[in-house]
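Numbering (the working numbering), first residue to last: 118 to 727. Backbone N, C-alpha and C fix where the C-beta goes; we use that ideal spot for every residue, glycine too. Accompanying notes for the structure given below.
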RNA sequence: GCGCCAAUAGCUCAGCUGGAUAGAGCAACGGCCUUCUAAGCCGUAGGUCAUGGGUUCGAGUCCCCUUUGGCGUACCA
């Protein structure tokens, strides 16, 4: 399975030791020591050290905690040394143990693996200090420092409200932007409003014919929903009146010629839709740094296509249309401008990309767009390259899979499209009902606010736990469930820790004066938690390298599940010794901080109580 | 037809980029609330990693064939 995006932007060489996360530092230190010993042994045995050096040592994590914390498989050295891996492991272990410059820790020979049990007390204390120092920035790094990355997502049409597909798009875009930012990049989130074209005219025309001047105020409908009803109305009318489409096209022409009445109507309806959509963004916590409008950029696209014609990279057909030959990238031919001179989707995107690079010269531009458009982006990037823009190679299509329903595809004709606002409202109602059923309305404070936060947590986690490239099935029943591997489960973990910390303070913060002693965390779960917390930074980096929020989602679930089991089995506030209370409290607070930080990367609202 | 992508438990998804006995959740069954919030915890059951071949010490992971499914291949967006 090859699902990894090859995100082209090159990370900075930030891997200098002084800023390397603690766990990585320990791993690479041990790696160097094992390699040193292998080379020394090879010399003694009269084996070419080149052979040994070229088989670079692999670093892994053992599957079980009894086997230690770091694993070095020795399979690949068997040939050079001409002995079985387990034998070599024993030799190297014994030799290394004679050294007096080893860091704290223990070497374990586990068959063909040489494993290390690390000094967990030191790791726990260093990690606790790092969490304490960096707080909401713990886990952040500067691997993408000074990189300007533009992320385009959402891109709604102004003829209908957002649906489930947009929600996946928005969730991915918002999350990827946050992840890149956490890696130090200078990120600019941009939206592109598809506000021109025949499809926009369809809802306008139907409105003109059938609305009798209805407005969001008079109808009580959100603007985008109101406009959407006329888009649907057009589809009905089109069946009754075959001239409907011609009329819509005539309207588009009039629009392009600047007909005042039509522009006025267009402005009015666009405003309604955009205001409605922005309300949805507000509800889902989606924000942008800048909006682009196709009505502003399509002309630039036209100009650039004509310029390309002059340069000879495109050609004109007899009927007047302008084309590009895609033979170089093993594709066919593609129209860039219609014979009547009007622009196409591709033309507009050419203009938009150029305008963006002029506005904010980026090191990379990531388009978050469904995979059904991969052909479009392949062509777009090629066209821009042909036009001579060197930055064309910095464009990246983050292609995500379709959202389907258990019954199959969403189809507007069959009315199976899941509306974004309806879904969020339904989720909120379910969450509210749950709060009431648990009789936690008072406890929770603002039950309304809490339930929408839970709804959002459920939705975003559901959408982001799947690798973006894969098609996913959105099962409404599952998404409405708040138990198991869900957003609310994670939120609940955070709320429980908060509650525990509140109780501690109410009881007088008894162990505040005691120093945190990492050596007290000896339980298997505690070691696993410390390691996992120490790995958060790597996880954030991996998520950026792969442009994949599901990396964060999986990490969060693992952390929560581990902590959940831990605090169920082992008392924190009622631990037998004050110093142990302190140690466990510190560990819990670390988990809490990481939950908070990770939540913000995948759009899960943090809740102090629920 | 051609191109791109996918296939892991009944269902929805992981699987640290080729390593130790393939993991979770849901659904099913059983156990745990005078003990830091039961939106929780524990246990049982569930797998020929679509099929066949190849690469090598070693394959769910890499390569090829086949099958099935999705998307694309518009002077729609």
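For the pair residue 411 and residue 310, the CB atoms are nearer than the 9 Å cut-off. Beta-bridge analysis with DSSP links residue 484 to 269 and 514. For the set 462, 496 and 425, the Cα lying nearest the Cα of residue 449 is the one of 496. Taking the C-beta atoms as reference points, residue 184 is found no nearer than 9 Å to residue 148. By the beta-carbon neighbour count (other beta carbons within 10 angstroms, threshold 16), residue 408 is exposed. DSSP places residue 383 in the helix class (H, G or I) of the three-state scheme. Between residue 203 and the set 273, 481, 244 and 228, the nearest pair of CA atoms involves 228. Between the alpha carbons of residue 697 and residue 639 lies a gap of roughly 10 Å. For residue 425, the three-state secondary structure derived from DSSP is helix. Residue environment: residue 351 is assigned as buried (16 or more neighbouring CB atoms within 10 Å of its CB, all protein chains considered). Straight through space, the alpha carbons of residue 233 and residue 246 are spaced by roughly 23 Å. The alpha-carbon separation between residue 382 and residue 368 amounts to approximately 11 Å.
The region 341-359 and the region 283-293 do not touch, with fewer than 3 CB-CB distances between them shorter than 8 Å. Between residue 276 and residue 319, the gap from beta carbon to beta carbon is short of 9 Å. Residue 646 is not a Cβ neighbour of residue 721, given a cutoff of 9 Å.
Residue 461 has no beta-bridge partner at all, per DSSP. Under the DSSP assignment, residue 250 falls in the alpha helix (DSSP H) whose first and last residues are 237-251.
In this structure residue 315 is exposed. Its beta-carbon is surrounded by fewer than 16 other beta-carbon atoms within 10 angstroms. For residue 190, the enclosing beta strand (DSSP E) covers residues 187-190.
Judged by DSSP secondary structure, residue 408 falls within the beta strand (DSSP E) whose first and last residues are 407-410.
Taking 9 Å as the cut-off, the beta carbon of residue 667 is found no closer than this to the beta carbon of residue 592. Non-local C-beta neighbours of residue 433 in its own chain, meaning closer than 8 Å and more than five positions away in sequence, comprise 426, 439 and 440, ordered along the chain.
Look at residue 589 here: in three-state DSSP terms it is strand. Between residue 332 and residue 390, the alpha-carbon positions lie close to 11 Å from each other. By the neighbour-count definition (other C-beta atoms within 10 Å, threshold 16), residue 221 is an exposed residue. Annotation: residue 498 to residue 509 spans about 6 Å, alpha carbon to alpha carbon. Checking the DSSP bridge columns, you'll see residue 280 partnered with 536. Per DSSP, the beta bridge partners of residue 433 are 439. In this structure, the alpha-carbon of residue 650 lies about 28 Å from that of residue 191. Runs of the alpha helix (DSSP H) spanning 4 or more residues and lying entirely within the region 524-588 occur at 537-554, 558-561 and 564-581, in chain order. Per DSSP, residue 614 has no beta bridge partner at all. Going by beta carbons, residue 486 and residue 462 fall outside the 9 Å limit. Fully enclosed alpha helix (DSSP H) runs of no fewer than 4 residues are not present anywhere in the region 214-238. Collapsing the DSSP output to three states places residue 287 in a helix.
Counting every other CB atom within 10 Å of its CB across the protein chains shown gives residue 218 a total below 16, marking it as exposed. Taking a contact as a CB-CB distance under 8 Å, the pair residue 567 and residue 724 counts as one, their CB atoms being some 6 Å apart.
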